[in-house]
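*Asks:* Provided herewith is a single structure, encoded as structure tokens, for subsequent inquiry.
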Ligand SMILES: [Zn+2]
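In our numbering, the protein residues as written are 4 to 509.
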């Protein structure tokens, strides 16, 4: 990497500057702030000025095209104006999203009459907003967005409920908190091997590889709790599996594992249920459950698992064993969701304790067919088997956080899922702070810039039902660096009066 110089110029002056450099080879970047960064190349080459377009509206698209594709750099030019076109979710929820969420959770009074009859009860209520993470790296900006949405939405729901009369006698007291559910059963990528078409892994809780990153998660949670005033807890997979309803949920899944395996894992046709090898210092588990054998021992559901090194081992679904079970993401999503539904149903019938409600906040990549087929479709079958008499199910409520996308529209991803050297271009531009919380701190970038932005989405929900690019967020950080007291969302285009034929009926 050579020296980086930045300056302000216009596209027409830029061409003069490049031509004036003669044979000095330069990569050129033009950002939407009209700052131009010259990166001195390691080898001299003539500038490819043929690709420079000069006018007041277009500028550099690519320089140094003679380089291999992996080293080529591109830029786009835009006006910095962000649009939030209404459609689908943003159309329906644009004015009072918190009211809608409380309604779906069944804790918003439906009518005045219903209020008196149904809600004037002394029992306190608790709403738990669940967020989750596989802590295999320091949280990147996309994860921070999801966490921030969990906390800020929790605060918004608390305030909305209190404004309606929560705790004043008109409505019971409601406490909203956040729970970070850490998935320590995720595979440690460095310990995953494949043999004869079967994948074997060791999980994070087995290798403890995640301990390096947990301080960043703790610090982020603490900052968000201070920012919002919302309390939080942190759970691990063993906590989930120890919860009251899990044995019944798992028993029902095991009894129907052939169908559920086919639908939850269409590539393997098996449910991905694992138990780590019990041999000391081994801990290997078969990743996809391809070799699992399901049977009953004295009437108790039992699974025979297979270790790459030590062969088969057996675990029954007993209280002593249940914490050992590990579930892949779709199976865990299903088990957790059904357990939360059962928790809400049970606490509504418990006249002594608090009523508990659950809301999940997760990334928008889980929205759509994934959730419809792997979650809601399964809930219908499972609940009929578990509670056939229950006619009104408290169906799960999930809020999806906008994705942070790269230039192509793909979500900014954990290093686990992208090739080595991905996002090098962000590093070259000193924008790699978006890739990890630790880098953000190291480069003096305040994550509160993200908190404030997410806060603006919850306050103006039409901003919530869309995705945001890396360029959008780097601009917010640039504005913060330029001395703004707080970052300002990108300017919004003034809406024009819709023509009748532009209005879609919904
Ligand atoms: Zn083993």
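C-beta atoms are modelled at their ideal positions from N, C-alpha and C, and glycine is treated no differently. Please read these numbers as outputs of a predicted model, since none were measured by experiment.
Taking C-alpha atoms, which residue in 276, 179, 256 lies nearest to residue 228?
*Replies:* Residue 179 is the option with its Cα nearest to residue 228.
*Asks:* In whole angstroms, give me the CA-to-CA distance for residue 395 and residue 347.
*Replies:* Each residue's Cα considered, the two are about 12 angstroms apart.
*Asks:* Taking only three categories from DSSP, how would you classify residue 65?
*Replies:* Any reading at residue 65 must be qualified, since the residue scores a pLDDT of 43, below 50, and its modelled position is unreliable; the value itself is stated next. Three-state DSSP puts residue 65 in a strand.
*Asks:* Would DSSP call residue 260 helix, strand or coil?
*Replies:* Helix, per DSSP.
*Asks:* Around the C-beta of residue 94, are 16 or more other C-beta atoms found within 10 angstroms, so that it is buried, or is it exposed?
*Replies:* Exposed: under 16 other Cβ atoms inside 10 Å.
*Asks:* So, at 6 angstroms on beta carbons, what are the nonlocal neighbours of residue 385 in its own chain, with the 5 sequence-adjacent residues on each side left out?
*Replies:* Contacts found: 255, 341.
*Asks:* For ligand 1, list every residue whose C-beta falls under 6 angstroms from any of its heavy atoms, going in chain order.
*Replies:* Checking every Cβ against the heavy atoms of ligand 1 under 6 angstroms gives 280, 282, 285, 287, 310, 312, 313.
*Asks:* Please report the straight-line C-alpha distance between residue 50 and residue 410, rounded to a whole angstrom.
*Replies:* Since pLDDT at residue 50 reaches only 41, below the 50 mark, its modelled position is unreliable, and the value read off the structure follows with that caveat. Approximately 24 angstroms between the Cα atoms of the pair.
*Asks:* Check whether the Cβ atoms of residue 413 and residue 452 lie closer than 8 angstroms to each other.
*Replies:* Result no, Cβ atoms of residue 413 and residue 452 do not sit closer than 8 angstroms.
*Asks:* May I have the straight-line CA-CA distance separating residue 268 from residue 274, to the nearest angstrom?
*Replies:* In a straight line, the C-alpha of residue 268 is about 6 angstroms away from that of residue 274.
*Asks:* Please confirm if the region 197-206 is in contact with the region 278-296, defined as three or more CB-CB distances below 8 angstroms between the two stretches.
*Replies:* These segments touch.
*Asks:* State whether the region 149-159 contacts the region 435-447, with contact taken as three or more CB pairs (one from each stretch) at a distance under 8 angstroms.
*Replies:* Counting Cβ pairs under 8 angstroms, fewer than three are found: no touch.
*Asks:* Would you identify the three-state DSSP class for residue 183, choosing helix, strand or coil?
*Replies:* In this structure, residue 183 counts as strand in the three-state DSSP scheme.
*Asks:* Taking 7 angstroms as the limit between beta carbons, can you name the residues of its chain near residue 400, skipping five residues before and five after?
*Replies:* Closer than 7 angstroms at Cβ, skipping near neighbours: 104, 107, 108, 362.
*Asks:* Answer yes if the region 454-470 comes into contact with the region 83-93, meaning at least three C-beta pairs across the two stretches below 8 angstroms, and no otherwise.
*Replies:* As far as the Cβ criterion goes, the region 83-93 touches the region 454-470, which means the pair count is three or higher.
*Asks:* Run through the region 343-367 for me and flag every whole beta strand (DSSP E) of 3 or more residues, listed as ranges in chain order.
*Replies:* For the region 343-367, whole beta strand (DSSP E) runs of length 3 or above, ordered along the chain, are 358-366.
*Asks:* May I ask you to verify whether the region 137-147 touches the region 74-84, counting CB pairs closer than 8 angstroms and requiring at least 3?
*Replies:* No, because fewer than three Cβ pairs between the region 137-147 and the region 74-84 fall closer than 8 angstroms, the two stretches do not touch.
*Asks:* The alpha helix (DSSP H) spanning residue 153 covers which residue range?
*Replies:* First-last of the alpha helix (DSSP H) with residue 153: 144-166.
*Asks:* Quick one: what does DSSP say residue 196 is sitting in, helix, strand or coil?
*Replies:* In the structure shown, residue 196 sits in a strand (DSSP, three-state: E or B).
*Asks:* So who's on the other strand from residue 384, going by DSSP bridges?
*Replies:* DSSP lists no partner for residue 384.
*Asks:* Is residue 216 helix, strand or coil by DSSP?
*Replies:* If DSSP states are grouped into helix, strand and coil, residue 216 belongs with coil.
*Asks:* Checking the sheet assignment: what are the DSSP bridge partners for residue 472?
*Replies:* According to DSSP, which records beta bridges pairwise, residue 472 is partnered with 408.
*Asks:* Taking the straight line between their C-alpha atoms, what separation do you get for residue 98 and residue 442?
*Replies:* Their backbone Cα atoms lie some 36 angstroms apart in a straight line.
*Asks:* Between residue 96 and the rest of its own chain, which residues show a CB-CB distance below 6 angstroms, the 5 nearest in sequence each way excluded?
*Replies:* Only 103, 464 meet the Cβ criterion.
*Asks:* Is it true that the region 236-254 meets the region 324-338, where meeting means three or more beta-carbon pairs spaced less than 8 angstroms apart?
*Replies:* They touch, by the three-pair rule.
*Asks:* For residue 225, which residues in the same chain have their Cβ closer than 8 angstroms to its Cβ, ignoring the five residues on either side in sequence?
*Replies:* So no residue of the chain qualifies.
*Asks:* Does the distance from the CB of residue 344 to the CB of residue 397 come in under 8 angstroms?
*Replies:* In this structure, residue 397 lies closer than 8 angstroms to residue 344 by Cβ.
*Asks:* Which parts of the region 241-303 are runs of the alpha helix (DSSP H), unbroken and 4 residues or longer, counting only runs that do not cross its ends?
*Replies:* Taking only runs of at least 4 residues, the alpha helix (DSSP H) segments lying wholly in the region 241-303 are 249-258, 260-267.
*Asks:* Whose CA, out of 334, 325, 425, 238, lies closest to the CA of residue 2?
*Replies:* Summary: the structure shown does not reach residue 2, with the chain confined to residues 4 through 509, and so no result is reported for it.
*Asks:* Return the residue from the list 165, 405, 75 that minimises the CA-CA distance to residue 101.
*Replies:* Selected option, being the one with the closest Cα: 165.
*Asks:* Just to confirm the assignment: which complete beta strand (DSSP E) runs, minimum length 3, are found wholly within the region 77-141?
*Replies:* Counting whole runs of 3 or more residues, the region 77-141 contains the beta strand (DSSP E) stretches 128-136.
*Asks:* What does residue 316 pair with, by DSSP beta-bridge criteria?
*Replies:* For residue 316, which the question treats as bridged, DSSP gives the partners 308.
*Asks:* What is the C-beta distance between residue 188 and residue 240, in whole angstroms, given that I count them as a contact (C-beta under 8 angstroms)?
*Replies:* Correct: roughly 5 angstroms between the Cβ atoms.
*Asks:* Report the three-state DSSP secondary structure of residue 329 (helix, strand or coil).
*Replies:* Three-state DSSP puts residue 329 in a strand.
*Asks:* Along the chain, where does the beta strand (DSSP E) that runs through residue 238 open and close?
*Replies:* Per DSSP, residue 238 belongs to the beta strand (DSSP E) from 235-238.
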